[in-house]
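Structure first, commentary second.
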Amino acid sequence: MQQLKGKKALVTGAAGGIGQAIVAKLQAEGAMVTGTDITACNADFSIEGNLMDAAICNELPKNASQLMGGLDILINNAGIITRGDITQATDEDLKRTMAINVEAPFRLCRAAIPLMAKVGGGAIVNTSSCWGVHPGPNHPIYVMSKAAVASLTQCLGMDHAHQNIRVNAVCPNEVNTPMIRSGFETRGLDPDKAINELNLSVPLGRIAEPDDIADVVIFLASNQARYMCGALLEVNGGKPVQ
Ligand SMILES: NC(=O)c1ccc[n+]([C@@H]2O[C@H](COP(=O)([O-])OP(=O)(O)OC[C@H]3O[C@@H](n4cnc5c(N)ncnc54)[C@H](O)[C@@H]3O)[C@@H](O)[C@H]2O)c1
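Position one of the sequence shown corresponds to residue 41 (my numbering), numbered consecutively onward.
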């Protein structure tokens with residue numbers, strides 16, 4: 041049985057590694073999906089836009105709702121990783137990371153919640169990271185941005201449960217997507233070789249594939265997670281942050 045039949049979902053970062061997997065699984069479970077990203081994405085409806093633009097974020101839930109005839113699910117998946125210790129970080133790095141990773145989900149939740157409340161409820165799944173819950177080395181801007189997403193999720197999970205709006209977060213460890221592969225390329229490493237090595241550090245024997253994360257997102261968005269509010273669900277293959 042399809043778990044999300046008739047539901048209408050908005051997914052950010054829908055053209056990215058995890059985003060594409062989320063869109064495909066939402067559709068497979070019967071949901072109609074509006075995807076948004078910098079570039080066009082493969083969904084029922086595609087909205088191109090930069091989440092650094094506050095006005096775009098403020099309008100997206102309403103625009104998606106108009107395209108689909110409602111909005112039941114918001115997946116805040118878009119994000120960037122900013123590497124390096126604090127002495128290497130520029131104000132621009134800080135501004136950009138906080139705008140995309142924190143301010144955009146903040147604005148999208150703020151705009152989506154009243155729409156969901158009006159129709160009796162909904163589900164929001166934010167994307168934090170294991171690194172947002174347990175800090176890892178040499179990524180202070182990324183770690184604090186994902187910690188802010190975790191905290192936002194816990195706050196909204198409490199504040200909006202009475203409206204039957206469940207807000208939860210998925211917290212992946214390393215996932216095989218362009219985000220992690222581009223990091224290896226920047227450091228002059230072969231991404232396939234580097235991932236094979238990274239796989240050895242994971243008790244389950246491999247880093248996550250996008251589908252491993254998307255399945256948990258679908259669970260949190262679905263009625264299977266009907267009693268979960270403000271949860272931070274770590275999906276890590278048994279690997280601690282180190
Ligand atoms: N890959 C990992 O190891 C990992 C681990 C933990 C958490 N995450 C989180 O998972 C989420 C998805 O990451 P991914 O691995 O699929 O990365 P990805 O780079 O493949 O996808 C991210 C998507 O977000 C979009 N995006 C970035 N900035 C944007 C902007 N200003 N406006 C609109 N769209 C924008 C990108 O265009 C891209 O399609 C992110 O929030 C990331 O922080 C990833």
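The beta-carbon is built from N, C-alpha and C at its ideal position, and this holds for glycine as well.
Small disclaimer: the values here were computed from a predicted structure and weren't measured.
Span separating the alpha-carbon of residue i from that of residue j
i: alanine 254; j: glycine 59; result: 8 Å
i: leucine 260; j: glycine 223; result: 29 Å
i: alanine 152; j: proline 101; result: 5 Å
i: leucine 196; j: glycine 270; result: 7 Å
i: glycine 228; j: proline 218; result: 15 Å
i: threonine 204; j: glycine 161; result: At residue 204 the sequence reads asparagine, which differs from the threonine that was named. Their backbone Cα atoms lie some 5 Å apart in a straight line.
i: threonine 122; j: valine 183; result: 9 Å
i: arginine 136; j: glutamate 143; result: 10 Å
i: isoleucine 96; j: threonine 52; result: 12 Å
i: cysteine 81; j: aspartate 93; result: 19 Å
i: alanine 64; j: proline 177; result: 33 Å
Closest by C-alpha distance to residue i, when choosing among the options
i: alanine 55; options: Gln67, Ala83 and His202; result: Ala83
i: serine 185; options: Asn239, Thr193, Gly172 and Leu196; result: Gly172
i: leucine 148; options: Ser169, Thr167, Leu114 and Asp77; result: Leu114
i: glutamate 249; options: Arg266, Leu273, Arg221 and Asn141; result: Arg221
i: valine 275; options: Ser169, Phe146 and Gly109; result: Ser169
i: glutamate 214; options: Ser241, Lys65 and Asp77; result: Ser241
i: serine 191; options: Leu244, Asn166, Pro177 and His179; result: Asn166
i: serine 291; options: Ala188, Met156, Asp77 and Asp93; result: With the chain represented from 41 up to 282, any question about residue 291 goes unanswered, as that position is not in the structure.
i: valine 210; options: Val257, His174, Ala234 and Pro177; result: Val257
i: threonine 41; options: Gly278, Gly277 and Ser262; result: Note that residue 41 is methionine in the sequence shown here, rather than threonine. Closest by alpha carbon: Ser262.
i: glutamate 69; options: Ala80, Gln43 and Met92; result: Gln43
i: glycine 119; options: Ala64, Tyr267, Pro243 and Gly57; result: Gly57
i: proline 180; options: Thr130, Pro231 and Leu244; result: Thr130
i: leucine 238; options: Glu132, Lys158, Gly277 and Ile62; result: Gly277
Residue i CB to nearest heavy atom of ligand 1 below 7 Å
i: methionine 219; result: yes
i: threonine 167; result: yes
i: glycine 119; result: yes
i: asparagine 90; result: yes
i: leucine 59; result: Strictly speaking, residue 59 in this sequence is glycine, with leucine absent from that position. Yes; taking the cut-off as 7 Å, the Cβ of glycine 59 has a heavy atom of ligand 1 nearer than that.
i: alanine 83; result: no
i: aspartate 133; result: no
i: alanine 261; result: no
i: isoleucine 205; result: no
i: glycine 56; result: yes
i: aspartate 251; result: no
i: proline 312; result: Since the displayed the chain opens at 41 and closes at 282, residue 312 lies outside it and no answer follows.
i: valine 215; result: yes
i: isoleucine 113; result: no
i: aspartate 77; result: yes
i: glycine 53; result: yes
i: isoleucine 32; result: Look at the range of the chain in this structure, 41 to 282, and you will see that residue 32 is not part of it.
Reduced DSSP category for residue i - H, G, I as helix; E, B as strand; rest coil
i: glutamate 88; result: strand
i: isoleucine 205; result: strand
i: asparagine 178; result: coil
i: glutamate 249; result: coil
i: glutamate 274; result: strand
i: alanine 234; result: helix
i: leucine 50; result: strand
i: isoleucine 113; result: strand
i: asparagine 216; result: coil
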